[in-house]
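These notes are about the structure you will find just below.
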Amino acid sequence: MDQSTAPLTPNSYIKTLSIIHLGLLAGPFILGVIAYLQTEHPFLDYTNAEDVFIYVVPIFALSGIFIGNLLFKQIMTSAVNIDGLRTKLARFQTASLIKYALIEGPALLGAVAFLNTGNLTYLYIAGVMILFLYLLRPTKEKIELGLQLKGEEKAQFNKSNQPIP
0 MDQSTAPLTP
10 NSYIKTLSII
20 HLGLLAGPFI
30 LGVIAYLQTE
40 HPFLDYTNAE
50 DVFIYVVPIF
60 ALSGIFIGNL
70 LFKQIMTSAV
80 NIDGLRTKLA
90 RFQTASLIKY
100 ALIEGPALLG
110 AVAFLNTGNL
120 TYLYIAGVMI
130 LFLYLLRPTK
140 EKIELGLQLK
150 GEEKAQFNKS
160 NQPIP
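Under numbering that gives the first Met the number 0, think of the first position of the sequence shown as 0, with each following residue one higher.
Take a look at the structure:
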């Protein structure tokens, strides 16, 4: 009995990465909606200096964006010099998942902080992080640009349903 998996094609790669991205996007979104529905009297307060979350949530959000971008660029720099499209795609997936996770984490933290305090400031920050994560959704163009595909590798990646050797 043959237990082999389906061959990796550019379309299947993009579809798989898109499903993972959607799953990571859904977590903080659903938590934020549930947190909002569970909170009886949400309020907006930017001035409560005694609330530790007023410092932690924005710092984590900005740190997640900057560290995610930095790690993504480092991994992509090393991936460009590797031979083989399949290996490059694996590196792109790893870099993307790290970047997505570093944005999802602060979004989850914002939703949890809102659930604990009722302060809409944290839910707004979570919403911005969710929107930013949505904008990072994987597309064929972003993958080609990120990996700087040229020549034979680009032609191979443009053959949407052909297996990648």
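Each residue gets a CB set at the ideal place from its N, CA and C atoms; glycine is no exception.
In this structure Gly145 is in contact with Phe91, their Cβ atoms being roughly 6 Å apart against a cut-off of 8 Å. For Asn115, the uninterrupted alpha helix (DSSP H) segment begins and ends at Leu84 to Thr116. Thr138 counts as exposed, since fewer than 16 other C-beta atoms from the protein chains shown sit within 10 angstroms of its C-beta. Beta-bridge pairing by DSSP links Phe65 to no other residue. With contacts defined by Cβ atoms closer than 9 Å, Phe59 and Pro105 form a contacting pair. For Leu23, the enclosing alpha helix (DSSP H) begins and ends at Pro9 to Gln37. Beta-bridge partners assigned by DSSP to Phe71: none are found. If you look at Ile142, you'll find it in the alpha helix (DSSP H) that goes Lys139 to Leu146.
Close CB contacts of Leu23 within its chain, under the 6 Å cut and outside five residues either way in sequence, are with Tyr99 and Glu103 (chain order). Nearest to Ser17 by alpha-carbon distance, out of Ile142, Gln147, Ile163 and Lys153, is Ile142.
When the five nearest sequence neighbours on each side are left out, the beta carbons in the same chain lying within less than 7 Å of the beta carbon of Ile74 are those of Arg90, Thr93 and Ala94, in order along the chain.
Judged by pairs of C-beta atoms under 8 Å, the stretch 77-91 does not touch the stretch 118-129, as fewer than three such pairs exist. Rounded to whole angstroms, the gap between the alpha carbons of Leu114 and Asn157 is 45 Å. A residue is called buried once 16 or more other Cβ atoms fall within 10 Å of its Cβ, and Ala78 is buried on that count.
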